[in-house]
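With the first letter of the sequence shown counted as 1, position 32 gets the number 31 in numbering that gives the first Met the number 0; the numbers rise by one all the way through.
Inspection log for the structure reproduced underneath, given as structure tokens.
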Amino acid sequence: MSLPVLIVDGYNIIGAWDHLKEMKKDDLGSARDQLIADLSGFYPWCWERIIIVFDGQQYEWEDIDGVEVVFTGKKETADTMVERLAAGLVLQHKVEVATSDIAENRAASAVGAMVISAAALLERLQERSSSYRRLLGKRKKDGLMLNDILHESVLESLEKFRREQ
0 MSLPVLIVDG YNIIGAWDHL KEMKKDDLGS ARDQLIADLS GFYPWCWERI IIVFDGQQYE
60 WEDIDGVEVV FTGKKETADT MVERLAAGLV LQHKVEVATS DIAENRAASA VGAMVISAAA
120 LLERLQERSS SYRRLLGKRK KDGLMLNDIL HESVLESLEK FRREQ
């Protein structure tokens, strides 16, 4: 079973998570950077791809620590790009869209994406983080092996890469 692709409405999540909302008051750029950092720790263990979309003035797409960060151009909103990405990716992947925007929720659901709220995404990240910490605590005596914590699809990709070398 392959991992889903996560598409995140960046400013929606920043406005919903307390620690990012506080950061945004002083420096929006720091809040964006923190969101990217918060999510990059979970790639590729939880999602095949993570795409964070922000409203922008000039179209830009870059990879930061395994997270694809997109700034829309002047003529497109983050909402419409999230919906367009979901519609395109859902044809070949399981897609999750993280937003608490009701209209975006309906649009993403209509194309077949699973929508998770900002609160549900934060809860999932906290649960996974706790799970990894518990696993690490149990493994300290025996030693931790990567195959204990990596998703099966990641292990398969690593094995394929190893055999090609």
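All C-beta atoms, glycine included, are put in the ideal place defined by N, C-alpha and C.
For Asp8, the enclosing beta strand (DSSP E) begins and ends at Val4 to Asp8.
Rounded to whole angstroms, Asp25 and Gly65 show a C-alpha spacing of 26 Å.
C-alpha of Gly9 to C-alpha of Glu163: approximately 37 Å in a straight line.
Inter-segment contact for the stretch 18 to 36 and the stretch 105 to 114 is absent: fewer than three beta-carbon pairs are separated by less than 8 Å. Judged by pairs of C-beta atoms under 8 Å, the stretch 57 to 75 does not touch the stretch 89 to 103, as fewer than three such pairs exist. For Ala77, the CB contacts under 7 Å within the same chain, skipping 5 residues up- and downstream, are Asp8, Gly9, Tyr10, Val52, Phe53, Asp54 and Thr71 in chain order. Here Ile49 is bridged, per DSSP, to Leu5. The continuous alpha helix (DSSP H) containing Asp25 extends over residues Asp17 to Asp25.
DSSP places Glu126 in the helix class (H, G or I) of the three-state scheme. Assignment of Val110 by DSSP, reduced to helix, strand and coil, places it in the coil class. Taking the C-beta atoms as reference points, Leu34 is found no nearer than 8 Å to Ile49. Cβ-Cβ separation between Trp16 and Ala117: approximately 6 Å, consistent with a contact (criterion under 8 Å).
Excluding sequence positions up to five before and after Trp60, its CB lies within less than 6 Å of the CB of Val69, all in the same chain and listed in chain order.
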